[in-house]
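Q: If you use my numbering, the sequence shown closes out at 879, no skipped numbers anywhere.
The beta carbon of each residue, even a glycine, is placed where N, CA and C say it ideally should be.
Predicted model, so just to flag it, every value in this text is computed and none were measured.
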Amino acid sequence: MGILDKIGIGRLREGLSRTRSGLLSAVTRIITGGQRIDEQMLENLEDTLIAADVGAGTAADIMQALRDRSHTAMSADASALLPMLKEEIGKRLAAATVSAVEPFSLPATRPYVIMVVGINGVGKTTTIGKLAYRFTAQGHRVMIAAADTFRAAANEQLEIWAKRAGAEIIQQKQGADPAAVAFDAVSAAAARGIDVVIIDTAGRLHTRTNLMEELRKIHRVVGKHTPAAPHEVLLVIDASTGQNGLQQAKQFGATASVTGLVLTKLDGTAKGGIVLAIARELGYPVRYIGVGERLEDLQQFDPQQFVEAMFEA
Ligand SMILES: Nc1nc2c(ncn2[C@@H]2O[C@H](COP(=O)(O)OP(=O)(O)OP(=O)(O)O)[C@@H](O)[C@H]2O)c(=O)[nH]1
Ligand SMILES: [Mg+2]
């Protein structure tokens with residue numbers, strides 16, 4: 567575990583405090599030790615999970631598992647429910663994690679190219695700054711490609727993040743061809759022996775269809791330079807938008823060759839349970855979570871830590 571991850575557990579707990587205070591107080595109200603587990607208790611628990619945005623399907627699933635387990639449990643005392651609930655949530659979250667990007671073994675052919683996509687305002691640029699920092703902190707050389715040439719202030723914002731993260735940046739003027747910027751960045755990175763290229767993209771063009779086309783073009787052009795690139799396409803989702811995020815993920819997933827997810831703004835929401843809905847409904851692994859606006863506030867997603875942070879008082 568790296569130093570960032572050690573700091574991370576505290577930050578994760580802090581970041582999930584809104585989700586936790588909502589969930590934990592509701593759950594402890596429902597589960598009173600000494601009482602026997604009954605159907606009403608399970609139904610109330612189910613409502614609580616739905617309120618935290620875990621999704622109706624997942625909530626029903628978890629309740630069925632608890633029902634089965636409490637029938638067979640030696641002790642049907644309600645105090646057994648919380649550990650069982652945590653276990654069931656943990657199992658489902660674990661299904662949403664596949665070997666993460668990092669620490670990635672650098673391929674023989676550098677650079678490793680990560681493309682970051684998502685609708686406007688979800689936190690792509692901020693996530694790129696934080697991600698660049700994670701890599702530079704591990705001793706890797708990072709280049710950021712400013713392929714959001716749509717938004718006026720995009721370059722300046724990315725420059726600030728690159729500077730803070732100790733990363734290099736390739737940019738052109740507003741309105742330039744995003745795919746050309748991405749291609750430039752990958753070529754420059756290859757020439758300079760840079761380890762990781764992270765490509766920022768626009769969240770909005772004139773129409774949604776154009777955006778998807780633009781993303782596909784960036785993907786294709788980068789692949790012309792390095793056939794396996796981009797090695798990773800991270801879709802950024804704002805966790806505070808709850809079930810909307812799911813719909814976005816479905817849309818992008820189909821057209822943008824997404825390989826993994828980043829969930830941002832978990833600190834600003836009591837609906838951290840959305841991670842579970844995403845795990846159930848989408849085939850993509852959750853790679854990282856954003857729990858604040860600082861450079862250190864991006865963490866690798868660890869299901870076990872996440873459950874603890876959700877429930878530990
Ligand atoms: N609290 C909190 N805020 C975040 C997090 N991630 C991003 N933000 C904030 O979300 C806002 C939008 O972030 P950006 O990184 O600019 O989002 P974007 O997706 O690049 O936006 P566009 O380029 O306009 O599409 C900023 O105010 C960020 O500080 C997070 O994990 N927690
Ligand atoms: Mg941006």
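(1) Residues near ligand 2, CB to any non-hydrogen atom under 5 Å, in chain order?
(2) So is the beta-carbon of A768 under 7 Å away from any non-hydrogen atom of ligand 1?
(3) Mind reading off the beta-carbon distance from Y699 to A751? Whole number of angstroms is fine, and I expect it under 8 Å.
(4) For L812, I'd like the list of residues in its chain whose CB is within less than 7 Å of its CB, leaving aside the five on either flank, ordered along the chain.
(5) Excluding the 5 residues preceding and the 5 following L632 in the sequence, name in chain order all residues of the same chain whose CB lies nearer than 7 Å to its CB.
(6) In chain order, what residues of the same chain have a beta carbon less than 7 Å from the beta carbon of L659, not counting five sequence neighbours either side?
(7) May I ask you to check if the CB of T807 is nearer than 7 Å to at least one heavy atom of ligand 1?
(8) Taking 7 Å as the cut-off, is the CB of R717 close to at least one heavy atom of ligand 1?
(9) Got a sec: does ligand 4 put a non-hydrogen atom nearer than 7 Å to the Cβ of N686?
(10) Can you give me the start and stop residues for the alpha helix (DSSP H) that R717 sits inside?
(11) Considering Cα atoms alone, identify which of K837, A822 and H791 is closest to A756.
(12) Do the CB positions of Q865 and L582 come within less than 8 Å of each other?
(13) Excluding the 5 residues preceding and the 5 following A622 in the sequence, name in chain order all residues of the same chain whose CB lies nearer than 7 Å to its CB.
(14) Where does A660 sit, in a helix, a strand or coil, going by DSSP?
(15) Which residues in the same chain have their Cβ closer than 6 Å to the Cβ of H797, if we skip the five residues on either side of it in sequence?
(16) Quick one: does the C-beta of V857 sit closer than 7 Å to a heavy atom of ligand 1?
(17) Could you tell me if T585 is buried or exposed, where buried requires 16 or more neighbouring beta carbons within 10 angstroms of its beta carbon?
A: Result, derived from the coordinates:
(1) K690 and T691
(2) Against the sequence shown, residue 768 aligns to sequence position 202. At least one heavy atom of ligand 1 lies less than 7 Å from the C-beta of A768.
(3) Here residue 699 corresponds to residue number 133 of the sequence shown, with the count starting at 1. Here residue 751 corresponds to residue number 185 of the sequence shown, with the count starting at 1. The Cβ separation is near 18 Å, so there is no contact.
(4) If you number the sequence shown from 1, residue 812 lands on position 246. Around L812: A843, I844 and E847.
(5) Position 66 of the sequence shown, counted from the start, is the residue given in the question as residue 632. Within the same chain, L632 has close Cβ partners L608, L647, M650, L651 and E654.
(6) Position 93 of the sequence shown holds residue 659. If we look at L659 and ignore the five residues flanking it on each side, its Cβ neighbours are V841, L842, A845, P869, F872 and V873.
(7) In the sequence shown, counting from the first residue as 1, residue 807 sits at position 241. It does not: the Cβ of T807 is nowhere closer than 7 Å to a heavy atom of ligand 1.
(8) Here residue 717 refers to the residue found at position 151 when the sequence shown is read from its first residue. Yes, ligand 1 has a heavy atom inside 7 Å of this Cβ.
(9) Absent from the structure shown: ligand 4. Ligands present: ligand 1 and ligand 2.
(10) By one-based count along the sequence shown, residue 717 stands at place 151. Element bounds for R717: n/a, residue is neither H nor E.
(11) As a position in the sequence shown, residue 756 is number 190, starting the count at 1. Of the candidates K837, A822 and H791, the one whose C-alpha sits nearest the C-alpha of A756 is H791.
(12) Translated into the one-based positions of the sequence shown, residue 865 becomes position 299. Translated into the one-based positions of the sequence shown, residue 582 becomes position 16. No, the Cβ-Cβ distance between Q865 and L582 is not below 8 Å.
(13) By 1-based counting over the sequence shown, the position of residue 622 is 56. I616, listed in sequence order.
(14) Your numbering for residue 660 matches position 94 in the sequence shown. Helix, per DSSP.
(15) The residue you call residue 797 lines up with position 231 of the sequence shown. If we look at H797 and ignore the five residues flanking it on each side, its Cβ neighbours are Y678 and V679.
(16) Here residue 857 corresponds to residue number 291 of the sequence shown, with the count starting at 1. The answer is yes for V857.
(17) The count along the sequence shown starts at 1 and reaches residue 585 at position 19. Buried is the call here.
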